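Written below as structure tokens is the structure these notes are about.
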Amino acid sequence: MILVFGGTTEGKQVISALADTALPFWYSSKIRIEVTLPVNGRYRCGALTEAALEDFCREQSIRVIVHASHPFAAVLHETIGVVSKRLCIPVIRFERQYPAAEAHPLIRYADSYEEVLAALLSAAFEPVLSLTGVQTIIRWKAYWEQHRMYCRILPRDTSLEIARGTGFPEEQLLLSFPGKTVEEELAVIRETGVQAMVTKESGESGFLPVKVAAAIAAGIPLYIIRRPALPAHFIKTDQAAGLLYHVNRLLI
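The sequence shown: position 196 = 220 (the numbering used here), numbered continuously.
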């Protein structure tokens, strides 16, 4: 049995790849989502602690884990890393496509939210547009309590509920999906009048190249928080063919 962690574009790609096989798998996401599975797939949702994941792997006779969840799911990275080593279960990390780092003075990489927050407060940019997602609104509280900030979040009731729980000014929420073109992102920049933007190293499927191009075109700085490191024993691939190669090799 295979356990797939998804809830992402990459998760859908894993489903598609495994659908062409007879290999049984579980598809897991943190929150309940609408997902179409082939006959060899089963679905579960809900966060898993180390103990819960270990129990699930034992009960379901999991032999391979395919980790296709969000690159910034740091807690999940660690949980999978610890449990997989403990149970000697190989982990295949199905990665996003990541563009090469942009060497431009307006594109500024950072290793943490704290580093970006300090830079924003020091430079006194106002307003700032956060593209880092609803779960990170609270991380910018020291900024938005003093300065005007816009936060773009997904247009979902669950996202709005989380945002309201932080106390963030609701009139400064932008409920929309990421812009797929530079023109769309430039329109947001013009409408809000932001002087800087913050995003995560979310790869091609997170439209990072679009955000980079829009920031440069608008002449404003874009802070990019680097994705967290993965456990060293994860097997990385970003192609369906590579995924199936490793799955078949590990299940023999």
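Using N, Cα and C, we set each Cβ at its ideal position, and we do this for glycine too.
These numbers come from a predicted model, not from an experiment.
Judged by DSSP in its simplified three-state form, Ile248 adopts strand. In the three-state DSSP reduction, Val212 falls in the helix class (H, G or I). Taking Leu42 as the centre and dropping the five residues before and after it, the same chain places the C-beta of Phe49 closer than 6 Å to its C-beta, in chain order. In this structure, Thr216 sits away from Leu155, with a CB-CB distance that is not shorter than 8 Å. A Cβ-Cβ contact shorter than 8 Å links Val107 with Glu78.
Taken through DSSP and simplified to helix, strand or coil, Ser226 comes out as coil.
Burial state of Cys112 is exposed, judged by a 10 Å Cβ sphere holding fewer than 16 other Cβ atoms.
Runs of the beta strand (DSSP E) lying entirely within the stretch 105-148, each at least 3 residues long, are 115-118, 131-134 in chain order.
Taking all protein chains in view, the Cβ of Thr205 is surrounded by fewer than 16 other Cβ atoms within 10 Å, so the residue is classified as exposed. Spatial neighbours of Gly65 in its own chain (CB-CB distance under 6 Å, excluding positions within 5 residues in sequence) are listed in chain order as Phe49, Tyr51.
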